[in-house]
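K.L.:
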Amino acid sequence: MMWKEKYKIGIPLVDQQHKELFDRVEEFIKALRKPGDWTEKLPEVKKTLAFMQKYVVDHFAAEEAYQKKIGYPDLPAHHEIHKNFTDYVMRCAHDFEQEGYPEPEVQKFAGTLLAWLINHVVATDLKMSKYVKKEGAL
Ligand SMILES: [Fe+2]
Numbered sequence: 004m005m006w007k008e009k010y011k012i013g014i015p016l017v018d019q020q021h022k023e024l025f026d027r028v029e030e031f032i033k034a035l036r037k038p039g040d041w042t043e044k045l046p047e048v049k050k051t052l053a054f055m056q057k058y059v060v061d062h063f064a065a066e067e068a069y070q071k072k073i074g075y076p077d078l079p080a081h082h083e084i085h086k087n088f089t090d091y092v093m094r095c096a097h098d099f100e101q102e103g104y105p106e107p108e109v110q111k112f113a114g115t116l117l118a119w120l121i122n123h124v125v126a127t128d129l130k131m132s133k134y135v136k137k138e139g140a141l
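Structure follows, in structure tokens:
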């Protein structure tokens, strides 16, 4: 289980979506590491990639809508971080499609995805949570 209790930032909707993201990334990495032919894994790789693209966008939108609602002052900076990462995910998905999903690149992408997610949740999203607690904005 890649999701850990310590990743919880105390905002139920956000925590629930983060857990879903971690679960999906975990599923993705498991699918990639499964023994067997790379080509056999491609349907699952494509499926998860398609889901990630949509879920990342939806989750970031939900998180930003929440930040707007509570008047979070760091929203512009947080949005920029989300946007850069969304662009990265979209660019990778596009390149993979063009290049026929090369295994090393897809593996690297999955690792980056997980590392980014952990870092984002424990650093950037936690700042939002601290603001909520300080301001009593929840
Ligand atoms: Fe975020």
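Residues in the sequence shown are numbered consecutively from 4, following this note's numbering. All residues carry an ideal CB built from backbone N, CA and C; glycine is no exception.
Going by other Cβ atoms of all chains shown within 10 Å of its Cβ, with 16 needed for buried, is residue 93 buried or exposed?
P.N.:
exposed
K.L.:
Could you tell me whether any non-hydrogen atom of ligand 1 is closer than 7 Å to the CB of residue 82?
P.N.:
Not so, every heavy atom of ligand 1 lies at least 7 Å from the Cβ.
K.L.:
Do you know whose CA, among 139, 99, 57, 37, lies nearest residue 23's CA?
P.N.:
57
K.L.:
With 16 other CB atoms within 10 Å as the buried threshold, where does residue 113 fall?
P.N.:
So residue 113 ends up on the buried side.
K.L.:
Could you round the C-beta distance between residue 88 and residue 119 to whole angstroms and report it? I think they count as a contact, below 8 Å.
P.N.:
Yes, residue 88 and residue 119 are in contact; Cβ-Cβ is about 6 Å, under 8 Å.
K.L.:
Assuming residue 135 contacts residue 73 (C-beta within less than 8 Å), just tell me the rounded distance between them.
P.N.:
About 6 Å separates the two Cβ atoms, so the contact holds.
K.L.:
Taking its Cβ as the centre, do 16 or more other Cβ atoms sit within 10 Å of residue 102, making it buried, or is it exposed?
P.N.:
exposed
K.L.:
Taking the alpha-carbon of residue 82 as reference, which of 44, 127, 122, 111 has the nearest alpha-carbon?
P.N.:
Distances from the alpha-carbon of residue 82 to those of 44, 127, 122, 111 put 127 closest.
K.L.:
Check whether the Cβ of residue 123 sits closer than 7 Å to any heavy atom of ligand 1, and report yes or no.
P.N.:
Short note on residue 123: C-beta closer than 7 Å to some heavy atom of ligand 1.
K.L.:
By the DSSP assignment, the alpha helix (DSSP H) with residue 127 in it spans what residues?
P.N.:
First-last for residue 127: undefined, no H or E at that position.
K.L.:
Tell me which same chain residues have a C-beta within less than 7 Å of the C-beta of residue 20, skipping the five on either side of it?
P.N.:
62, 65
K.L.:
Using a Cβ-Cβ cut-off of 8 Å (strictly less than) and excluding sequence neighbours within five positions of residue 133, which residues of its own chain qualify?
P.N.:
none
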